[in-house]
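Asker: For the numbering used here, count along the sequence shown from 1 and bump the result up by 3.
From the three backbone atoms N, C-alpha and C, an ideal C-beta is built for every residue, glycine too.
As the structure is a prediction and not an experimental result, all values here were calculated from the model.
Here it is, the structure in full.
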Amino acid sequence: MNHRFVRRLTSSALHSRIFSSNPPFFRFNPSPTPNVILPKARVKSRLLTPIPLDELLAQHRRTRRGLLAPTSSRTSAQGPGDKHDLAYEEFPRLLRQARLYMGSRDSCDTQSLHLELIKRGFAGDLFFSNNLINLYAKAGDLSYARELFDQMQERNVVSWTCLITGHAQNGFPDEACRLFRLMIRSGLEPTRFTFGSVLRACQDSGPDRLFLGTQIHGLVSKTWHSTNTTVCNALISMYGGCRLDSTWDAQRVFDWTPAKHFITWNSIISVHSQRGDTISAFELFSGMQTGRLGCCLRPNEATYGSLITAIYSCSNGGCILEQVLANVLKSGFSKDLYVGSALVSAFSRFGLLNRAKEIFQQMDEKNAISMNGLMVGLFKQNLGEAAVEVFRETRGSVIINSDSYVVLLSAISEFSKSDEARKKGMEVHGHAIRTGLIASSIAIGNGLVNVYAKCGAVDDAVKVFDHLNVKDQVSWNTMISGFDQNGFSKESLSSFRLMLRNDIQPSNYAIISTLSSCANLRLLSAGVQVHCIGTKLGLDMDVSVSNSLLTMYGACGRMSDCQRLFSYMTKYDQVSWNSMIGALASNKVFLTESLRIFLDMTRRGWYPNKVTIINVFTAVSALSDIVMCRQVHNLVLKHGMSGDIVLENALLSSYAKSGEMDSCECLFRKLADRRNEVSWNSMISGYIQNGLMQKAMDFVWFMIHNGPKMDGFTFATVLSACASIAALDSGMEIHAFGIRSHLETDEPDLVTFVGVLSACSHAGLVEEGLKYFESMKNHGLVPQTEHYSCVIDILGRTGKLNEMEDFIKRMPVRPNNLIWRTVLVACRRSKDGAKSGIWKQASEMLLELEPENPVNYVLISSMYASRGRWEDVAKTRTAMRTLPVKKEAGRSWVTLHDGLHVFVAGDRSHPNTEEIYAELHVLIQKIRDAGYVPQAEFTLYDIDMETKEELLSYHSEKLAVAFVLTRSCRVPIRIMKNLRVCGDCHSAFCYISKIIGRKITLRDCNRFHHFENGLEVLSHILMMLLLSRKTYIG
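What follows is the structure, given as structure tokens:
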């Protein structure tokens, strides 16, 4: 015996346990048995004298057969030369002690027995050594078991089997497989228990050990164990647990098993259940009872448990569960703990909560598994409060485990009221600290982080996260997701970096949350890096990660990358289509492409949901396509989504932006009691955008007195709409309404200031705008990029380029593409723009931030053309050709009774080209006679004046109005254009409406333009006078 090992056994802690006055299981009495009176020296010598193995086994057999005399008679016959008499007497007692400790999981009890066996002289006994290895393994102390095994002078197959079983049961399947190989090399023949243990180890190792399991199967086939039921059961479980495509091998072993036991049937049913093969599981369940395969067995608890698991993969699982429940009631297992827990979990999984509660309440005995199953079903149905109530009512009658607290925290995170959820979370947090659960269970710590994050208590979530002793992948995922969901995008990215530095491999959840943060911050470079990390880890094939990548690239304006990624995807879901349509619909250049993707989606058999329709309405509204708007409206009615107020509000907005206020009013009347603030805002904004200011004011008045109370958001929406068309008088009137409604007492928010600053910008109120901007600090608001952009627009519109440049230098935030584009537009508008050096910086930054956005190149080219720098114009256009940039061609279209007619500048592809151009020549001559003068500065080519004027006359909107005039119908003229209307066409349409005596509605990418009897001309002149007066005052 190794003395170091003995010293470990006789350590101070163990010594105090063995010789204490009140040991838990065993107290060692150093004195000899009362019937034997021997000197202490002789006792010591006999205790340390080893007993030969053959003699020990022989004595053991005789003791079991009753051949040994009682202790008293044997003691009287002992002679002084008999050295082993005491050891013989101790053998039965030590054997009973070993059997007693078989049910113990305390390593110290095994160490106590081991030490006594050493003192009694059984240190080298094979029988007791094997039992000690088994006891150490069951207690989880594999280091003692392995050391004892290594010191054994003789080992048999039981020794190896005990050690292999111990490693397999304690979560070390690879080591168990390695020990099995060593055993085979030693020349020993495995028993059925050895085969069962190593096959279990192969099953736990997964697909990596399937090859070894197959080899063991071959070895089994060469022995008489091939027909043993225990080994066959282990083979079935091994094949079923290793890989999906090995289910057929499990079925083949089952078919070859001669004597099928309960466990055999349950094993094969469990294999098919875990693989989602419900039909095969039920066929076996039926064959088990009918005797079709040579036996007729009644299902037991484990059979029903596996069968219930098989139902999880069924779409109509609720109906099948009801049938299984009837069979369970008939069989008498309805109140069984195992079957009842499985039924509760299954009914909860399919949302049949009333049935799950009924079964749970009828169970004679409940445990944490049944309670957890019911709670999971409740909080998955967003009934977190009900799940917590189940926990409160049941916790006194069941033993709560750590999983129960994890489920409880998940239920709390689904509370409808965040304040209540935070309060309950703090209660569980305090209990976890008092009981030490937070230190022993990382899952509880992760659950607390999740609860605090979902309640918006990010600081508390960070504190719990920082105090976790061990942070696993779930911990980092939860923290990163919490930051992202609460708007802390920068902190989310920082946490992702720390996760990588701590050598924690990110999962798809971490990648998705980080990509969402990149999208919120518009950080394309960081998003590309995360994309690369996901690709290296093989996560880019995950459909959820691909959807997040689509959203990120779409938010950063990289539509070409979105389209490329979407084409490479091998699997799509509803979110994939919605993400792609939404990304394209958010970019004015790809509106038509978004509708094409939508049509492709419907052709492939996908049904649109609410998010799909909202994204499509976004594209339709931007295109002002009334025909498509009505078609999507019909689609909403067809799929039964007409009762959704969110969709109906989107439809209202789409009709309003298409100029169909009559349809808006009809739909608004149908909403009746379902109207909300968004509905009213959409109608008011629609009236304002369509120039129906009196109706807008009537709606505001009616809303104040009869509709929902006008809140700050509604007020800001109306002011912002007035600002977009520079309706200063109407804005002041609406302001008066707000004052009378006591809205001036509302605390302004960021949205309010965007509307106010935008109004000041369009009205040329420089000093007022700067004062409002400075007043944001008094309201505790931090200006965002949108507010800085408004101030730059205020300064740029009034020609204050030097002040604008100084303001940009003092900005605490880094200018983005929106700000630089505003700067470039301001420089182009001002006569001194070319002299200022900031326009060159704006051009460089725009090309760096958005190298593929054609709008930037057009602005730069326009800047050069307005200054007569035609060589630079040519260089810019050449750069557009070399780069993957394509400027969208200007298109105008009209819809008549015979369909849609599209026109491009200078286009001669229309069947009625000759008539259109003849009508246009006549029309141009008439408006020239009325005073129209072509504005040649809107032609960005180095050509003579006559050619410039000719090009201006062939703009697409002028071709469209000439085409309508060739028709005999007298309907109002409605023209849509995908780009902004130039100043020359705006002026020309004012004269055209006066000459032809008809109302013309022109919708460009920004707003509606209404021309009737030259009224637009008057409003234009008044606008210029107002801006001039404000400029001079400033």
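Classify L827: buried if its beta carbon has 16 or more other beta carbons within 10 angstroms, exposed otherwise.
Answerer: Burial call: buried.
Asker: In or out: Q326 buried (at least 16 other Cβ within 10 Å) or exposed?
Answerer: So Q326 counts as exposed.
Asker: Taking all protein chains shown into account, do 16 or more other C-beta atoms lie within 10 angstroms of the C-beta of C988, making it buried, or fewer, making it exposed?
Answerer: With 16 or more other Cβ atoms within 10 Å, it is buried.
Asker: Tell me, please, which residues DSSP counts as bridged to V905.
Answerer: According to DSSP, V905 bridges with W896.
Asker: Quick one: is Q81 buried, meaning 16 or more other Cβ sit within 10 Å of its Cβ, or exposed?
Answerer: Its pLDDT being 40, under 50, Q81 is placed unreliably in this model, and the value from its coordinates should be taken loosely. That one is exposed.
Asker: Under three-state DSSP, which class holds K980?
Answerer: Strand, per DSSP.
Asker: Between the segment 913-931 and the segment 848-864, do three or more beta carbon pairs fall short of 8 Å?
Answerer: With the cut-off at 8 Å, the segment 913-931 and the segment 848-864 do not touch.
Asker: Would you decide whether T481 is buried or exposed? Buried here means 16 or more other CB atoms lie within 10 Å of its CB.
Answerer: When all chains shown are included, T481 counts as buried.
Asker: By the 10 Å Cβ neighbour count, where 16 or more other Cβ atoms means buried, how is M706 classified, buried or exposed?
Answerer: Buried, because 16 or more other Cβ atoms sit within 10 Å of the Cβ of M706.
Asker: Distance, Cα to Cα, T397 vs S407?
Answerer: Going from the Cα of T397 to the Cα of S407 covers about 11 Å.
Asker: With burial defined as no fewer than 16 other Cβ atoms inside 10 Å of the residue's Cβ, what is the status of D752: buried or exposed?
Answerer: With fewer than 16 other Cβ atoms within 10 Å, it is exposed.
Asker: Kindly indicate which residue of Q787, S764, L768 and H738 has the alpha-carbon position closest to the one of V754.
Answerer: Considering only alpha carbons, the answer is Q787.
Asker: Could you tell me which residues DSSP pairs with R1006 in its beta bridges?
Answerer: For R1006, which the question treats as bridged, DSSP gives the partners M979 and F1011.
Asker: Measure the Cβ-Cβ separation of G662 and R977 and say whether it is below 8 Å.
Answerer: Their beta carbons are under 8 Å apart, which means G662 touches R977 by this criterion.
Asker: Nearest-angstrom Cα distance between Y957 and K929?
Answerer: Rounded to whole angstroms, Y957 to K929 spans 16 Å at the Cα level.
Asker: Per DSSP, what kind of secondary structure is R813 in: helix, strand or coil?
Answerer: If DSSP states are grouped into helix, strand and coil, R813 belongs with the helices.
Asker: Can you list, in chain order, the stretches of the alpha helix (DSSP H) that have 4 or more residues and sit fully within the segment 259-347?
Answerer: List check, alpha helix (DSSP H) in window: 265-277, 281-293, 304-313 and 320-334.
Asker: Should P818 be labelled buried (16 or more other beta-carbon atoms within 10 Å of its own) or exposed?
Answerer: Label assigned to P818: buried.
Asker: Could you have a look at L768 and say whether DSSP puts it in helix, strand or coil?
Answerer: Residue state, collapsed to three classes: coil.
Asker: If you run the structure through DSSP and keep just helix, strand and coil, what is Y610?
Answerer: Coil at Y610, not helix or strand.
Asker: Our contact map puts V410 next to M378 with C-beta atoms below 8 Å; I'd like the distance itself, whole angstroms only.
Answerer: Indeed they touch by this definition, with Cβ atoms about 5 Å apart.
Asker: Identify the continuous alpha helix (DSSP H) that holds R437 and give its terminal residues.
Answerer: It spans S421 to T438 - the alpha helix (DSSP H) in which R437 sits, taken as one unbroken run.
Asker: Please report the distance separating the alpha-carbon of F131 from that of C180.
Answerer: So the alpha carbons of these two residues sit roughly 25 Å apart.
Asker: For V757 and Y690, what's the separation of their Cα atoms in angstroms?
Answerer: Approximately 21 Å, taken between the alpha carbons.
Asker: What residue range does the alpha helix (DSSP H) around G376 cover?
Answerer: Segment A371 to K383, the alpha helix (DSSP H) holding G376.
Asker: Determine the closest residue to V523 out of Q508, T969 and C559, with distance taken between C-alpha atoms.
Answerer: Reading off the sequence, residue 523 comes out as Asn, not Val. When only C-alpha atoms are compared, the closest one is C559.
Asker: Kindly list the residues whose CB is nearer than 7 Å to the CB of S270, restricted to its own chain and excluding five residues on each side of it in sequence; keep chain order.
Answerer: Around S270: N236, I239 and S240.
Asker: If you draw a straight line from the alpha carbon of F593 to that of R500, how long is it in whole angstroms?
Answerer: Cα to Cα, the separation comes out at about 34 Å.
Asker: For A390, which three-state DSSP category applies?
Answerer: Of the three classes helix, strand and coil, the one that applies to A390 here is helix, per DSSP.
Asker: Please go through the same chain and pick out, in chain order, the residues whose beta-carbon is closer than 8 Å to the beta-carbon of I362, but skip the five residues on each side of it.
Answerer: Hits under 8 Å: L328, S337, G343, L346, V347 and F350.
Asker: Out of V473, G459 and A464, which has the shortest C-alpha to C-alpha gap to I445?
Answerer: The residue with the shortest Cα to Cα distance from I445 is V473.
Asker: Rank K961, D809, S846 and K803 by C-alpha distance to the C-alpha of R824 and give the top, closest one.
Answerer: The shortest C-alpha separation from R824 is found at S846.
Asker: Report buried or exposed for P55, applying the criterion of at least 16 other Cβ atoms within 10 angstroms of its Cβ.
Answerer: Residue confidence is low: P55 scores 40 on pLDDT, short of 50, so the model does not pin down where it sits. Its coordinate-derived value is still stated next. Classification of P55: exposed, given that the 10 Å Cβ count is below 16.
Asker: Assign F214 to one of two classes, buried (16 or more other C-beta atoms within 10 Å of its C-beta) or exposed (fewer than that).
Answerer: Exposed, because fewer than 16 other Cβ atoms sit within 10 Å of the Cβ of F214.
Asker: Label L899 either buried or exposed according to how many other C-beta atoms from any shown protein chain fall within 10 Å of its C-beta, with 16 as the threshold for buried.
Answerer: So L899 counts as exposed.
Asker: In its own chain, which residues sit with a C-beta less than 6 Å from the C-beta of K803, not counting the 5 before and 5 after it?
Answerer: Closer than 6 Å at Cβ, skipping near neighbours: no residue.
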